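Note that the numbering used here has the sequence shown beginning at 6, numbered continuously upward.
First the structure, in the form of structure tokens, and then the observations on it.
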Amino acid sequence: MEIRVLSGDITEQQVGAIVVNLFDGVTSPGGATGAVDRALKGAISQLIEEGETKGKKGEITLIHTLGTMAPARVVVVGLGKESQFDADTVRWTTAVACRHLRRLGVGSIATIAHGAGIGGMDARTSGHAIAEGSVLGLYRFDKYMSDNVNKSEVKELIIVESDSTKVKELKAGVADGVILAEAANLCRSLASEPANFMTPTRLSEAALEVAREGGLELEVLERADMAEMGMGALLGVAQGSDEPPKLIVMRYSGDPDDEANQLALIGKGITFDSGGISIKPAANMGAMKGDMAGGASVISAMGAISNLRPKINVTAIVPATENMPGGKAQRPGDIVKTMNGKTIEIDNTDAEGRLVLADALAYARSLGIDRIVDVATLTGAMAIALGNVCTGVFGNDQELVDQVLEAGKQVGEPGWHLPTLDDYKEQYKSSVADIKNTGGRAAGSITGALIIGEFADGASWVHLDIAATSKTDRVKGYTPKGATGIPVRTLVQLVLNTANDT
Ligand code: BES
Ligand code: ZN
Ligand code: MN
Numbered sequence: 006m007e008i009r010v011l012s013g014d015i016t017e018q019q020v021g022a023i024v025v026n027l028f029d030g031v032t033s034p035g036g037a038t039g040a041v042d043r044a045l046k047g048a049i050s051q052l053i054e055e056g057e058t059k060g061k062k063g064e065i066t067l068i069h070t071l072g073t074m075a076p077a078r079v080v081v082v083g084l085g086k087e088s089q090f091d092a093d094t095v096r097w098t099t100a101v102a103c104r105h106l107r108r109l110g111v112g113s114i115a116t117i118a119h120g121a122g123i124g125g126m127d128a129r130t131s132g133h134a135i136a137e138g139s140v141l142g143l144y145r146f147d148k149y150m151s152d153n154v155n156k157s158e159v160k161e162l163i164i165v166e167s168d169s170t171k172v173k174e175l176k177a178g179v180a181d182g183v184i185l186a187e188a189a190n191l192c193r194s195l196a197s198e199p200a201n202f203m204t205p206t207r208l209s210e211a212a213l214e215v216a217r218e219g220g221l222e223l224e225v226l227e228r229a230d231m232a233e234m235g236m237g238a239l240l241g242v243a244q245g246s247d248e249p250p251k252l253i254v255m256r257y258s259g260d261p262d263d264e265a266n267q268l269a270l271i272g273k274g275i276t277f278d279s280g281g282i283s284i285k286p287a288a289n290m291g292a293m294k295g296d297m298a299g300g301a302s303v304i305s306a307m308g309a310i311s312n313l314r315p316k317i318n319v320t321a322i323v324p325a326t327e328n329m330p331g332g333k334a335q336r337p338g339d340i341v342k343t344m345n346g347k348t349i350e351i352d353n354t355d356a357e358g359r360l361v362l363a364d365a366l367a368y369a370r371s372l373g374i375d376r377i378v379d380v381a382t383l384t385g386a387m388a389i390a391l392g393n394v395c396t397g398v399f400g401n402d403q404e405l406v407d408q409v410l411e412a413g414k415q416v417g418e419p420g421w422h423l424p425t426l427d428d429y430k431e432q433y434k435s436s437v438a439d440i441k442n443t444g445g446r447a448a449g450s451i452t453g454a455l456i457i458g459e460f461a462d463g464a465s466w467v468h469l470d471i472a473a474t475s476k477t478d479r480v481k482g483y484t485p486k487g488a489t490g491i492p493v494r495t496l497v498q499l500v501l502n503t504a505n506d507t
């Protein structure tokens with residue numbers, strides 16, 4: 006899909022449909038919607054009067070213009086209550102309108118710049134949100150569907166703005182929005198791939214492609230390198246699988262003169278989590294192909310970061326392996342030694358995420374990085390605690406926690422801070438090793454986070470548990486069913502917000 010911005014009259018566009026909007030409760034439409042209403046001899050006002058069009062968020066009213074204007078159709082999309090209007094409303098309603106029109110086979114769409122000028126929203130924000138809403142909302146993972154060539158597609162989206170002075174800002178917003186949304190879509194695609202395709206090797210190849218396109222350094226550590234560095238926890242998880250593990254390391258140097266201006270983004274890269282010897286039940290085990298969503302999110306974020314070029318150094322680290330119950334698999338009761346010398350008793354081989362992340366954090370620390378954000382589909386308990394609405398946010402540094410929460414809020418990927426009090430640490434004490442890899446059922450997401458935090462070793466650290474937010478089983482606004490791409494845009498926004506730009 007191509008997104009263009011032009012200055013002109015929306016009623017004169019030769020397109021399959023134009024999109025205008027309406028706030029909840031408005032009885033006589035103003036602005037661009039008012040102009041379209043007049044051109045339609047009051048059709049929109051009449052629909053409002055008759056109660057068919059109410060302006061509820063995501064509501065779609067379709068009007069055929071029957072030759073009264075150049076566009077074949079008019080869509081009035083409801084924006085919901087004006088008091089709740091924000092960039093997320095624009096993303097949401099743009100996505101709903103675009104998907105509706107795609108279903109009807111409409112290939113070219115023109116839209117007004119929703120919100121540019123409303124409630125302090127500027128044109129750049131509006132363009133950004135429209136681009137994100139359309140690119141995110143129209144995403145589908147259909148590469149394995151034999152009949153996908155016949156599906157209809159939206160080929161162009163034109164943002165038409167009557168005030169020509171806003172065009173430049175709209176264009177700038179669109180450019181950024183496309184970068185962010187495409188990064189999230191890349192994450193969705195990587196996480197949607199079945200595990201027979203998305204092996205650790207293939208994940209490292211995906212990282213290589215991102216690195217090549219963005220001019221990033223890439224290093225991939227092999228099993229032998231991991232052994233040399235003493236990554237016993239990562240190797241312990243990998244030993245049950247025939248697929249070779251990879252530790253993927255990508256480097257973006259946006260501030261080469263200031264080595265201290267560093268951030269590590271670490272993502273769990275379990276390309277399939279069978280549970281290992283502590284094997285999972287059969288039902289829904291297939292969903293564990295998405296257990297590398299955290300890794301996919303940091304790889305994808307690096308692509309956007311390389312495009313946006315903020316003044317900061319970012320290192321992405323993805324410990325990638327399968328967790329399988331092979332003849333060489335690790336057993337409950339085993340004790341492994343991590344790169345930084347700490348030992349872990351394996352209580353449950355299905356608590357593998359924290360094991361691979363322990364060595365990844367230790368590796369980041371060995372590089373001298375003292376600000377770390379890790380992203381992981383870590384615990385099923387997240388779905389119980391926060392459902393699929395908020396990502397669980399944990400950490401040892403309130404400032405970094407706040408920065409992550411703020412970034413998430415800005416991009417429409419909310420997080421919620423959960424406690425990490427020392428008292429929880431009692432739960433994963435071991436009688437034979439430094440710690441064990443589980444803390445029991447109570448507060449499972451917190452003890453999982455704290456076990457990872459044991460390897461922060463003085464660094465500022467935040468952990469995002471995306472077990473319940475990395476995929477969705479039903480479409481929601483600009484998020485189609487399947488992998489969500491959370492928290493790619495949060496990570497990129499965090500990097501932009503904390504960079505040393507003037
Ligand atoms: N990958 C899973 C967590 C998960 C579960 C993600 C459901 C998405 C959906 C993780 O490796 C795991 O198995 N965690 C265990 C930990 C337990 C054994 C301490 C869990 O949550 O049950
Ligand atoms: Zn897992
Ligand atoms: Mn597991």
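Glycine included, each C-beta is placed from N, C-alpha and C at the ideal position.
As the structure is a prediction and not an experimental result, all values here were calculated from the model.
For residue i, which residues in the same chain have their Cβ closer than 6 angstroms to its Cβ, ignoring the five residues on either side in sequence?
i, result
"T507", "Unreliable placement is indicated for T507, whose pLDDT of 49 sits below 50; no coordinate value is reported for it."
"T204", "E248 and T276"
"H105", "I65"
"Q415", "Q498"
"L71", "none"
"G280", "D355"
"T495", "A412, G413, V416 and E418"
"S139", "T99, C103 and L162"
"G13", "V165"
"K62", "G83 and G85"
"T474", "N393, T396 and I491"
"D427", "none"
Helix, strand or coil, according to DSSP, for residue i in the structure here?
i, result
"I171", "Sequence inspection shows Lys at residue 171; the Ile mentioned does not correspond to that position. The answer is helix: DSSP assigns K171 an H, G or I state."
"K316", "coil"
"H422", "strand"
"L162", "strand"
"E7", "strand"
"S435", "coil"
"Q415", "helix"
"M379", "Rather than Met, the amino acid found at residue 379 in this sequence is Asp. Note: D379 maps to strand in three-state DSSP."
"T452", "helix"
"E187", "helix"
"I491", "coil"
"A100", "helix"
"S197", "helix"
"D181", "helix"
"D14", "coil"
"E350", "strand"
"K176", "helix"
"A325", "strand"
"T507", "Unreliable placement is indicated for T507, whose pLDDT of 49 sits below 50; the coordinate value is still reported in the next sentence. If DSSP states are grouped into helix, strand and coil, T507 belongs with coil."
Quick test of your reading: residue i and residue j, contact by CB under 8 angstroms. State the CB separation rounded to the nearest angstrom.
i, j, result
"L313", "I184", "6 angstroms"
"A92", "Q18", "A92 to Q18, Cβ: 24 angstroms. No contact."
"G417", "R96", "6 angstroms"
"F460", "A363", "5 angstroms"
"G219", "P330", "37 angstroms between Cβ atoms; not a contact."
"I304", "M255", "7 angstroms"
"K251", "V225", "5 angstroms"
"P315", "V500", "6 angstroms"
"G385", "A447", "In fact, because the Cβ distance is near 14 angstroms, the residues do not count as touching under 8 angstroms."
"G358", "L383", "5 angstroms"
"G21", "A75", "Between A75 and G21 the Cβ distance is about 11 angstroms, and since that is not below 8 angstroms, they are no contact."
What residues in its chain sit with their C-beta under 7 angstroms from that of residue i, if we drop five residues either side in the sequence?
i, result
"G237", "V341, K342 and T343"
"F90", "L84, G120, I123 and G124"
"R145", "P485"
"G235", "K342 and M344"
"Q408", "L499, N502 and T503"
"L143", "M6, C103, R104, R107 and V159"
"T130", "A92 and G178"
"N353", "S283, P337, N442 and T443"
Excluding the 5 residues flanking residue i on each side, which residues of the same chain have their C-beta closer than 8 angstroms to its C-beta?
i, result
"T16", "I23, A40, V41, A44, M74, A75 and P76"
"E57", "T66"
Could you give the uninterrupted runs of the beta strand (DSSP E) lying entirely in the stretch 211-256, keeping only those of 3 residues or more?
-> Taken in chain order, the complete beta strand (DSSP E) segments of 3 or more residues contained in the stretch 211-256 are 222-226.
Is the stretch 335-350 in contact with the stretch 296-316, if contact means three or more CB pairs nearer than 8 angstroms?
-> Here the stretch 335-350 makes no contact with the stretch 296-316; the two share fewer than three CB pairs at distances below 8 angstroms.
Between the stretch 149-157 and the stretch 116-124, do three or more beta carbon pairs fall short of 8 angstroms?
-> Short answer: they don't touch.
Determine, using beta-carbon pairs with one atom in the stretch 438-456 and one in the stretch 367-374, whether at least three such pairs fall under 8 angstroms.
-> By the Cβ criterion, the stretch 438-456 is not in contact with the stretch 367-374, since fewer than three pairs of Cβ atoms, one from each stretch, lie closer than 8 angstroms.
Is the stretch 128-145 touching the stretch 166-184 in the sense that three or more CB pairs, one from each, lie closer than 8 angstroms?
-> Yes, the stretch 166-184 is in contact with the stretch 128-145.
Whole beta strand (DSSP E) elements within the stretch 35-69, 3-residue minimum = Whole beta strand (DSSP E) segments, 3+ residues: 65-69.
Is it a yes or a no for the stretch 21-28 touching the stretch 187-205, going by three-plus beta-carbon pairs under 8 angstroms?
-> Judged by Cβ distances under 8 angstroms, the stretch 21-28 makes no contact with the stretch 187-205, as fewer than three pairs qualify.
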